[in-house]
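Under the working numbering, the residues of the sequence shown are numbered 861 to 1011, in order. Written below as structure tokens is the structure these notes are about.
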Amino acid sequence: MTSTSTSTSTSTSTSTSTSTSTTTDDIQDIRSVLDRLYSAWADYDADAFAALYTEDATVVMPGVFNDGREEIRAYIAAAFEGPLKGSRPLDEPRRIRFPRSGTAVVVSEAGILLAGESEVPAGRQHRATWVLVRDPAEATWAITSYHNAAV
861 MTSTSTSTST STSTSTSTST STTTDDIQDI RSVLDRLYSA WADYDADAFA ALYTEDATVV
921 MPGVFNDGRE EIRAYIAAAF EGPLKGSRPL DEPRRIRFPR SGTAVVVSEA GILLAGESEV
981 PAGRQHRATW VLVRDPAEAT WAITSYHNAA V
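Here is the structure:
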């Protein structure tokens, strides 16, 4: 895994499957959403972070369930002031697929480096699943669901 405090990393092992309506631009747009998410994290900007989620988005992590953009914003704001202060996220997309037009699923290797750490301890490494949807009127992508589990 590589640090993505300002951008998600790419890898030759990233597998991308697409339907006929999916373009290279969609893949770049998906990566851009994740890049902006980690830029918001690097700035500890909970508002910019939450703005990348749909209004009705969900986040599910061990011991955490956030239902809606505002809960996500409040959770990450508190985390940035508390346990995640000084942290850096890691995220390495391993697969991007488009099960249907306007929907993307990204599976990543992920983790969080806490202040002073140079690598993620084994107990904090996880796999993440991101589900993004495209707003056809705006031609933009947003995160509608995020889930992670320890490996």
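Ideal Cβ placement from N, Cα and C applies to all residues, glycine included.
Name the DSSP bridge partner or partners of I972?
The partner list for I972 (beta bridge, DSSP) reads P949.
Classify E969: buried if its beta carbon has 16 or more other beta carbons within 10 angstroms, exposed otherwise. By the C-beta density criterion, E969 is buried, having at least 16 other C-beta atoms within 10 angstroms.
Q) Counting only runs that start and end within the region 966-1011, where is the beta strand (DSSP E) found for 3 or more residues in a row? A) For secondary structure counted as the beta strand (DSSP E) over 3 or more consecutive residues, the region 966-1011 holds these complete runs in sequence order: 986-995, 1000-1010.
- Message: Suppose you measure from the CA of W990 to the CA of G942; what does that come to, to the nearest Å?
- Response: Computed Cα separation, rounded: 24 Å.
State the Cα-Cα distance for the pair R984 and V919, rounded to the nearest angstrom. Roughly 17 Å separates the two Cα atoms.
Q: Compute the distance between the beta-carbons of V993 and T884, then report whether it is under 8 Å.
A: No, the pair does not count as a contact, with Cβ atoms beyond the cut-off.
Worksheet item: Nearest to G962 by alpha carbon, out of D903, G971, T1004, L894?
Response: Considering only D903, G971, T1004, L894, the residue with the shortest C-alpha distance to G962 is T1004.
Notebook entry, point to check: What is the residue span of the alpha helix (DSSP H) that Y935 lies within?
Noted result: Run containing Y935: 929-941, per the alpha helix (DSSP H) assignment.
Q | beta strand (DSSP E) segment containing D916, residue limits | A | Note, D916: beta strand (DSSP E), 913-921.
- request: Report buried or exposed for V924, applying the criterion of at least 16 other Cβ atoms within 10 angstroms of its Cβ.
  value: Exposure of V924 is indicated by the presence of fewer than 16 other C-beta atoms within 10 angstroms of its C-beta.
Would DSSP call T1039 helix, strand or coil? This structure gives no information on residue 1039, because the portion of the chain shown stretches from 861 to 1011.
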